[in-house]
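Notes to accompany the following structure.
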């Protein structure tokens, strides 16, 4: 019982003590999430190619116009295809990509749970 | 070894993965934007290189049966190589209009370039900082896009136009 | 000359492999207790010849013998001596020869150092290991022979990619290869254990040391690679979730899981099948990683040489490995009954394995998904840092908690007295987090949790260190060092991520840019001619108004002639508390330079805590066998 009580107190403490900051869109964060098409596996932030320079310019423009991060990514995807963003959007094609890791985690947890349950059962008999 | 369903599933899964790897080896892993053929270009406004008051936009291109949009620059040497095909296209064919967009270039150099090699373009737009290139999904110079009267992309040519590309364009606009 | 010597040596090694397999399979049928002398001899000869062949190649590089295609393609007379030697393993063919060397050396060492174990088990291990050796030797001879010659002999070599001419990268591949290829020996041992029925606790004891050695080298290799990326690639990052980096993480997750489960097998004689699976998996993943990197199927910054024809061969070999190990495993598999109590150390080791499996599979899915999607639907996508960060980082929080709590439990079953201690430590962690939050700046909810969990692990480990010093119980020390290292690593990476100052802008000579309390003054440009490159050096005066400190940073753009390449050298000023990092690159057709200015807190602490993780492993290797 005491354990549960303490766990409860810890949870309360953690949740009350945590403060979050409002999310600011950082220019560099956006650059880092974009892939440079003309370089081998570099992001726009890392590349100094002509193409990267142009993309940086356009991202700056659009942020100044007040567009959101998602709007910028969607704009670039419409022009260059999904390859340009490092974070694949959640759609029919990429559903498994986002879903599988969590499924695996859940299955792993269940297997572990059953092993411990079964051991308890074995001992009782 | 006893055969059970789970074992069969594991084997099938592994064979499948290895098969995908084998297929993957045959694929070209470098990316091009060819997958965008079939999409529509929109929301652009091109200002004439020498005349600030003159510009074209979506509705102007809708009047043309086919439009070839070609990005070029005087500093780009492959652009010189493809230039004769552009001249051929503009001279022979009435169905196609060619729009040149001068990419990250100086006005003077661009005009000299056209004076020296001839001007195949019905309209020369300017793109000093490269902003327009993003609107058209361009990532390298030279690059050309062929669109129909609905502004749907029907061909993308990354790199200079050569003999075969030229023939393909003629086929497409027949 | 060297070409024929090398080829003869390689063919000798190949022949010896056949002889060893033949003799070993004869010897298995004899009922004598010890292995025949001649098998030892054959194995020793094999090792000698392999090492000699590698030295032959090194000599080829040192004397710049361009009659070898490999030397011609990857070396140059003007290259410094050190990089000539390092160039031997800096290319595909040479590194494959190194790969074979490690296979052979480990095969011999395992044979010699395991004489207390069962004869049949050792012989099967030797046979399986030699089959692996044969596989890679055929690959080397048929597809990637470093001793192929060229005629007429070129006068000058093509040179080594300058980005690879770096001390960290010279030692990075050998470390990684010892780590990854070292796994082959417990792959073979696991197969042998299945074949000979030599399993359980005693099997764990036979492979324990080998697993630790591989783990230490893998960990160190990955860290050195990351340090290289930070100093050489010039982007200021140290982990990019790039396919090549991910490929090196896959076997690492597997071997880390293995290292933990192996303790359970040794202490409690349970989990045998799972340990076997992990043994097989670790080496299979090493080869898979090699396949993905070398075949060019993935698009990466680190891929300097790739060729699909190699891919087909490695893929074939990989398939054979997977199928034969699966078939043998399924044939010999016996059902085990498990007996795990919730409050026991072994249960928490299983929790570790659970998380490791999750991390491993997430990285694997992230890497392979684009390939699958491309083949099946022709859609090309990129899976990069955001994906891995979003999926993995939240689960690092519970992982850290378990890492702190788990080792406090005893084997089999323990009482729950220490929950109160955990409570006070977590309370302490929360308070420290609040202090950081209020004094240094705001961050997200998830970051709060990460900080709390990491600080909790650090505090717990510090208490453990104190206990170890008081009790002089040094056997817990390696674990504590590694866990403390991991806690610190997560903490410093968190701080680094939260409080980095990063700015990307264009400047001309003579211009000034103000960023927060810094002023970047681009004063001048110098040109310098060096032996094998020309350098454009920017002189930047950096003023920090907070403490009125003036520093000069001189980043370079290097123009190498052989082969013709541009590289960008960052100027880095390191302090314990932070690194100032400045790179410049030319903007084409203009007199502006693109400048990346970063102030990255605790970089040096990140390296130290990462090194601590591997140090734990090395400490464990030096401790005498901890029989208790």
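Residue numbers (the numbering used here), protein chains in the order written: chain A, 1 to 125; chain B, 1001 to 1174; chain C, 2001 to 2628. Just so you know, even glycine gets a beta-carbon here, dropped at the ideal spot from N, CA and C. Every value quoted in this text rests on a predicted model; they were computed, and no experiment measured them.
Counting the other Cβ atoms within 10 Å of the Cβ of residue 2115(C) gives fewer than 16, which makes it exposed. CA-CA distance, residue 2518(C) to residue 2543(C), rounds to 6 Å.
Sixteen is the threshold: since fewer than 16 other Cβ atoms of the shown chains lie within 10 Å of the Cβ of residue 2309(C), the residue is exposed.
Our two residues, residue 2566(C) and residue 2086(C), have alpha carbons roughly 21 Å apart in a direct line. Counting every other CB atom within 10 Å of its CB across the protein chains shown gives residue 2281(C) a total of 16 or more, marking it as buried. If you draw a 10 Å sphere on the C-beta of residue 30(A), you find 16 or more other C-beta atoms in it, and that means buried. By the beta-carbon neighbour count (other beta carbons within 10 angstroms, threshold 16), residue 2366(C) is buried.
DSSP, reduced to helix, strand and coil, places residue 2245(C) within a helical segment of the structure shown.
Spanning the alpha carbons of residue 38(A) and residue 1140(B) requires a straight line of approximately 8 Å. Distance from the Cα of residue 2403(C) is smallest, within the candidate group 2257(C), 2470(C), 2189(C) and 2443(C), for 2257(C).
Within the same chain, 2243 and 2292 come within 6 Å of residue 2298(C) by CB-CB distance, once the 5 residues on both sides are set aside.
At a cut-off of 8 Å between beta-carbon atoms, residue 2311(C) makes contact with chain B. For residue 2608(C), no beta strand (DSSP E) run applies; the uninterrupted alpha helix (DSSP H) run containing it begins and ends at 2603-2622, by DSSP.
By the neighbour-count definition (other C-beta atoms within 10 Å, threshold 16), residue 70(A) is an exposed residue. Close to residue 1007(B), with beta-carbon spacing below 9 Å, are these residues of chain C in chain order: 2326 and 2330. Distances from the CA of residue 2210(C) to each of 2227(C), 2231(C), 2196(C) and 2180(C) were compared; the closest alpha carbon is that of 2180(C). Among the residues of chain C, those whose CB is under 8 Å from the CB of residue 82(A) are 2379, 2380, 2381 and 2382, following chain order.
DSSP, read as helix, strand or coil, puts residue 2112(C) in helix. Against chain C, a Cβ distance below 9 Å from residue 1090(B) picks out nothing, because the smallest value is about 28 Å. At the C-beta level, residue 2454(C) and residue 2400(C) come within 8 Å of one another.
Judged by their CB atoms, residue 1134(B) and residue 55(A) are nearer to each other than the 8 Å cut-off. If you draw a straight line from the Cα of residue 2146(C) to the Cα of residue 83(A), it is about 37 Å long.
Within the stretch 2281-2351 of chain C, the runs of alpha helix (DSSP H) at least 4 residues long that lie entirely inside it are, in chain order, 2308-2332. For residue 86(A), the nearest beta carbon of chain C is closer than 8 Å to its own beta carbon.
Only buried fits residue 2612(C), as 16 or more other CB atoms lie within 10 angstroms of its CB. Taking 8 Å as the cut-off, the Cβ atoms of residue 2430(C) and residue 2458(C) do not count as close. Boundaries of the alpha helix (DSSP H) harbouring residue 2177(C): 2167-2196, taken from the DSSP string. For the stretch 1021-1038 of chain B, the residues whose beta carbon sits under 8 Å from a beta carbon of chain C are, in order, 1021, 1022, 1023, 1024, 1025, 1026, 1027, 1029, 1030, 1031 and 1035. Residue pairing from DSSP places residue 1048(B) in a beta bridge opposite 1125(B). DSSP places residue 2404(C) within a helical segment (H, G or I) once states are collapsed to three.
Taking a beta-carbon distance threshold of 8 Å, residue 2073(C) does not count as an interface residue toward chain A. The residues 2506, 2593 and 2594, in chain order, have a CB closer than 7 Å to that of residue 2587(C) in the same chain once the five nearest residues on each side in sequence are set aside. The residue among 2339(C), 2054(C) and 2277(C) with its C-alpha nearest the C-alpha of residue 2008(C) is 2054(C). Your pair residue 2322(C) and residue 2284(C) checks out as a contact, with CB atoms roughly 6 Å apart and the cut at 8 Å. Annotation: residue 2467(C) to residue 2386(C) spans about 40 Å, alpha carbon to alpha carbon. Checking the DSSP bridge columns, you'll see residue 1103(B) partnered with 1127(B).
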